[in-house]
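Below is one structure, written out as structure tokens; the observations come after it.
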Amino acid sequence: MCYAASMGEIIVSYHSVEDITTFEHFNLDFDAQSWVRSVNHRFLEDTLVENVSKPGLYISMFGKCQGQTLNNGMDQQRDYSHQYMVALVDQSCSGHMRFPNNSVWQTLSIMLPLNTLHENSLLPQLHSNFPHAVPQIRLAELGPVPRDILRCCEAIWDCTFKGFERELFIKAKAQEVLALFLHKRRQHHRAPETSRMIKLGNVLSHIKTNLAQDWPLSTVANLSGSNRTYVKQDMKELIGLSFRDWLKQVRLEEACEQLTGNISITEIAHNVGFKSQAHFATLFKSELGVTPSEYRQSLFMKRNT
5 MCYAASMGEI IVSYHSVEDI TTFEHFNLDF DAQSWVRSVN HRFLEDTLVE
55 NVSKPGLYIS MFGKCQGQTL NNGMDQQRDY SHQYMVALVD QSCSGHMRFP
105 NNSVWQTLSI MLPLNTLHEN SLLPQLHSNF PHAVPQIRLA ELGPVPRDIL
155 RCCEAIWDCT FKGFERELFI KAKAQEVLAL FLHKRRQHHR APETSRMIKL
205 GNVLSHIKTN LAQDWPLSTV ANLSGSNRTY VKQDMKELIG LSFRDWLKQV
255 RLEEACEQLT GNISITEIAH NVGFKSQAHF ATLFKSELGV TPSEYRQSLF
305 MKRNT
């Protein structure tokens with residue numbers, strides 16, 4: 005299903021998630037009703053995507069997610085990039101997201117049917133911390149994707165295998181993601197720490213939408229109701245990186261996205277939190293091997309080949 009729809013004065017293309025060209029779906033070997041779905045897509049026009057969810061437990065990992073949710077009761081301005089979401093769906097329901105031209109959507113979703121869930125192994129450890137107004141969803145939890153799980157997802161999104169080899173690779177990585185996710189829940193399921201980490205995850209989401217500001221560790225600790233020692237410890241458990249390394253990574257990722265457009269490099273440096281263009285260019289080349297200008301030029305050349 006694919007057609008154009010009018011939203012106000014803006015015409016957008018309408019797709020079901022299955023119509024997206026990079027959409028992939030595989031049944032998992034350990035249960036015939038369980039599956040994994042993957043999308044790694046750059047939209048070339050304003051697009052509205054519909055996703056229908058049947059009853060089950062959904063564990064979703066997002067990489068870059070530059071869209072806007074249109075679901076009732078959800079924060080339409082929230083950035084879901086590098087977040088995980090767990091949703092317990094009791095009845096079939098549909099959700100919608102809008103992606104502007106040149107935006108990227110990377111997602112890996114695993115579905116486990118309700119009749120195969122082991123109540124004592126996972127469900128009691130879920131925490132409803134994500135507000136929504138979808139009556140078919142009994143529970144929704146949101147948090148930052150741990151670094152080792154994100155690496156597994158990125159391996160899927162970057163995989164160049166074809167055919168049967170690709171299916172084997174994606175299914176194996178999806179099961180690795182599921183194993184890591186469940187293991188981390190059992191290993192670190194302690195109520196005070198879970199609450200503290202959820203608060204830190206919310207602060208990290210706020211930082212990602214306000215990168216131009218200075219973010220000393222003391223400010224992060226104050227916003228999360230914690231202290232510097234716990235922030236350092238919780239960052240390692242949640243993300244697998246120090247706060248300084250995470251902030252550098254997020255700033256450079258956002259800079260790469262802004263370099264796809266026509267914003268000046270000086271303005272991009274300011275937007276992502278660098279006080280000087282020279283410092284920005286030096287760090288960019290140190291981490292990526294090219295200057296911001298060279299990176300932008302390489303993107304231009306790819307588009308014109």
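Position one of the sequence shown corresponds to residue 5 (the numbering used here), numbered consecutively onward. Just so it is clear, CB atoms sit at the ideal spot from N, CA and C, and this is done for glycine as well. As the structure is a prediction and not an experimental result, all values here were calculated from the model.
Check whether residue i and residue j have beta carbons under 7 Å apart
i, j, result
"Leu-184", "Val-207", "no"
"Val-90", "Ile-63", "yes"
"Leu-48", "Tyr-18", "no"
"Leu-221", "Val-276", "no"
"Leu-146", "Gln-87", "yes"
"Ser-107", "Glu-54", "no"
"Ile-211", "Pro-148", "no"
"Leu-118", "Gly-205", "no"
Where the alpha helix (DSSP H) containing residue i begins and where it ends
i, result
"Met-305", "296-307"
"Gln-281", "281-292"
"His-86", "Per DSSP, His-86 belongs to no alpha helix (DSSP H) and is neither H nor E."
Alpha carbon of residue i to alpha carbon of residue j, nearest angstrom
i, j, result
"Lys-279", "Ala-273", "7 Å"
"Arg-255", "Asn-75", "28 Å"
"Asp-4", "Ala-159", "Residue 4 cannot be examined here, being either before or after the span of the chain that is shown, 5 to 309."
"Gln-80", "Thr-286", "35 Å"
"Arg-300", "Glu-261", "10 Å"
"Cys-157", "Ala-282", "33 Å"
"Met-11", "Arg-102", "Bear in mind that the predicted position of Met-11 carries a pLDDT of just 48, short of 50, making it unreliable; the figure below should be weighed with that in mind. Between Met-11 and Arg-102, the C-alpha separation is close to 11 Å."
"Phe-2", "Met-239", "Absent from the model: residue 2. The displayed extent of the chain is 5 to 309, so no value can be given."
"Glu-13", "Arg-232", "Residue placement at Glu-13 is poorly supported in this model, since its pLDDT is 49, which falls under 50; the coordinates are not used for a value here."
Under the three-state DSSP convention, the category residue i falls into
i, result
"Ser-96", "coil"
"Gln-70", "coil"
"Leu-146", "strand"
"Ala-9", "Here Ala-9 scores only 49 on pLDDT, less than 50, and its place in the model is too uncertain to base an answer on."
"Gln-179", "helix"
"Trp-39", "strand"
Cβ-Cβ separation, residue j to residue i (assumed contact under 8 Å), whole Å
i, j, result
"Lys-175", "Phe-66", "Actually they do not touch by this definition, with Cβ atoms about 20 Å apart."
"Tyr-234", "Arg-190", "Tyr-234 to Arg-190, Cβ: 21 Å. No contact."
"Asp-50", "Asn-105", "5 Å"
Continuous beta strand (DSSP E) stretch holding residue i: start and end
i, result
"Met-115", "108-116"
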